[in-house]
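Notes for the one structure printed next.
In our numbering, the protein residues as written are 1 to 117.
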């Protein structure tokens with residue numbers, strides 16, 4: 001049992017370190033924390049794309065990506081796009097746009113973005 005607890009604590013501390021590093025990179029880039037951004041405000045957010053999927057939104061095809069910054073997640077949605085060069089899971093970027101809601105999730109439609117090197 002001690003081994004299970006030890007592995008869980010190790011994993012928790014690694015995730016905590018990664019979250020702290022992501023928050024630090026966002027702050028250094030001059031970006032707001034996703035959890036602190038008010039609705040309908042134009043913001044810059046920095047994070048890592050956790051996943052990228054192609055989904056229909058109504059009658060329109062949309063490319064969706066979950067951006068995580070260590071404090072929260074926002075879904076980036078590019079309407080009418082099937083693929084964007086450089087947008088892939090694990091990629092770090094800065095997205096600019098207005099935060100809104102789709103159901104309970106936070107979203108930015110058609111964000112401008114800058115890929116990190």
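Ideal Cβ placement from N, Cα and C applies to all residues, glycine included.
(request) Could you round the C-beta distance between residue 94 and residue 114 to whole angstroms and report it? I think they count as a contact, below 8 Å. (result) Residue 94 to residue 114, Cβ: 5 Å. Contact.
(request) Determine, using beta carbons only, whether residue 44 and residue 30 come nearer to each other than 8 Å. (result) Yes, the Cβ-Cβ distance between residue 44 and residue 30 is below 8 Å.
(message) Taking the straight line between their C-alpha atoms, what separation do you get for residue 112 and residue 16?
(response) The straight-line gap from Cα to Cα measures roughly 29 Å.
(request) May I have the straight-line CA-CA distance separating residue 62 from residue 49, to the nearest angstrom? (result) So the two alpha carbons sit approximately 16 Å from each other.
(request) Would you please state the rounded distance, in angstroms, between the beta carbons of residue 60 and residue 88? I believe it to be under 8 Å. (result) Residue 88 and residue 60 do not touch by the CB rule: their CB atoms are close to 22 Å apart, not below 8 Å.
(request) For residue 76, I'd like the list of residues in its chain whose CB is within less than 6 Å of its CB, leaving aside the five on either flank, ordered along the chain. (result) Only 65, 67, 95, 108, 111 meet the Cβ criterion.
(message) Comparing C-alpha positions only, which one of 4, 79, 40 sits nearest to residue 98?
(response) The candidate whose alpha carbon is nearest that of residue 98 is 40.
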